Amino acid sequence: MTRGRLIVLEGIDGSGTTTQTERLVEHLRQQGRTAIATREPSAGPIGRLVREVLLGQHRMSRGASIDGRTMALLFAADRVDHLQREVEPLLAAGAVVVSDRYLMSSMAYQAEEADREWVALLARGVRPPDLTILLDIPVEVAAQRRLLAGRAEERYDADSYLGRVADNYRRLALADPSAVILDGSAARDQVTAAIVAAVQARLASPATP
Ligand code: TYD
């Protein structure tokens, strides 16, 4: 059995990672591959807790939000749990796993609310993805999309915060030889085509051991 691949879509909220994850999986299935969509925060117990926190539940008695260090630990714990519970068994069975967010999210988002070096330390030893695709998009365009989608307000939605996250993403992707940066503000079909091309190229080369 050949080992599967882990493909990750990343970008600020409203960049289209969720839609494009579904589209990519659909495309891969049409090609006869075993492809599975997943996401972080995961559907597991820690991921569920993280989603509640993102929606503003579990605040402190005086209304203070949860410390950024707690968020970094929660996302890191969810990732290890997600890998063990869902991703690793699928990869071992030879599937192409497409994750809506993964390691780069923590490095881009939590680096703004906790010490960057420490966040990097939490990522150490975690299985790297075979390919990370960053959907780069202006913060204002992403905000407009979230508005149109009627998405509930979440912890990281402020444009000022997402502007810094977007800068982090670009810096991280430029420094990562296994990452590709695409224009997420292009038409939906155009973005899908660019993602498919990047994934085909990666699938044609050897898997990460
Ligand atoms: P999102 O991916 O938009 O999911 P949903 O559509 O279900 O709201 O929300 C996840 C949020 O969590 C998003 O703001 C990014 C953030 N996040 C981090 O800050 N660090 C991480 O490691 C991950 C995986 C997500």
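Numbering (numbering that gives the first Met the number 0), first residue to last: 0 to 208. Using N, Cα and C, we set each Cβ at its ideal position, and we do this for glycine too. Quantities reported herein were computed from a predicted structural model and do not represent experimental measurements.
Quick one, which of the options has its alpha-carbon nearest residue i's?
i, options, result
"Arg2", "Ser204, Ala174 and Ala94", "Ala94"
"Thr17", "Arg4, Tyr101, Arg61 and Arg58", "Tyr101"
"Gly15", "Ala192, Ser184, Arg201 and Pro205", "Ser184"
"Asn167", "Ala110, Ala193 and Gly55", "Ala110"
"Asp114", "Leu147, Gly162, Pro137 and Ala71", "Ala71"
"Met106", "Phe74, Ala142 and Arg144", "Phe74"
Exposed or buried, residue i, counting other C-beta atoms within 10 Å across all chains shown (16 or more means buried)?
i, result
"Glu116", "exposed"
"Asp158", "exposed"
"Thr131", "buried"
Across which residues does DSSP place residue i in a beta bridge pair?
i, result
"Thr37", "Ser98"
"Ile6", "Val97 and Leu130"
"Val179", "Ile132"
Taking a contact to mean a Cβ-Cβ separation below 9 Å, would you say residue i touches residue j in this structure?
i, j, result
"Arg84", "Asp135", "no"
"Asp66", "Tyr155", "no"
"Glu153", "Leu54", "yes"
"Val96", "Ile35", "yes"
"Arg201", "Arg4", "yes"
"Gly46", "Glu39", "yes"
"Met103", "Ala172", "yes"
Quick one: Cα of residue i to Cα of residue j, how far?
i, j, result
"Val52", "Arg61", "16 Å"
"Leu8", "Asp99", "5 Å"
"Ala206", "Ile6", "11 Å"
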